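Everything on this sheet refers to the single structure shown next.
In my numbering, the protein residues as written are 3 to 149.
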């Protein structure tokens, strides 16, 4: 399976992971992760969670299941609701990302912000789609005879 770049689009199987002290916070983290995956057309192969962030990461049952899914190839990436679900700070999160990348996967967190859109992006996307389908805004244009 090709390894799509982080932030890329494609049908990449990913895991959703959330770890927070309350069920409400876990559900909120999972919702953000699913939205993040959906915006990139990634397939959520499973969702795991733990309720005690004080437990070391490698001892959490949900995280152990994700590590197993990554090692068996069931998933290619892991989306977490926030840095704090798996790390104490951004540097520790980056280090964990390197470990996961060394095992053939990727780690991202579901940012609270929407993906950045540029002015005119929607119209450019429509133009590209129309052009690829053969439709022209200028009506029927004569086609060269290739016979």
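We put the CB at the ideal spot given by N, CA and C, even for glycine.
Quick caveat: nothing in here was measured; it's all calculated off a predicted structure.
Cβ neighbour criterion (16 or more within 10 Å) applied to residue 129
So residue 129 ends up on the exposed side.
Express the C-alpha separation of residue 132 and residue 60 in angstroms, rounding to a whole number.
Going by the C-alpha atoms only, they are around 49 Å apart.
Buried or exposed by the 16-neighbour rule on C-beta atoms within 10 Å, applied to residue 31:
The residue in question, residue 31, is buried, as its Cβ has 16 or more Cβ neighbours within 10 Å.
Thinking just about the alpha-carbon of each residue, which of 41, 85, 71 and 14 is nearest to the one in residue 50?
Of 41, 85, 71 and 14, the residue nearest in Cα terms is 71.
Buried or exposed, going by whether 16 or more other CB atoms sit within 10 Å of the CB of residue 54?
By the 10 Å Cβ count, residue 54 comes out exposed.
Cβ pair count under 8 Å reaching 3, the stretch 22-41 against the stretch 72-89
Contact holds: three or more Cβ-Cβ distances are below 8 Å.
By DSSP's criteria, residue 25 is part of a beta bridge. Which residues make up the other side?
Paired residues: none, contrary to the question.
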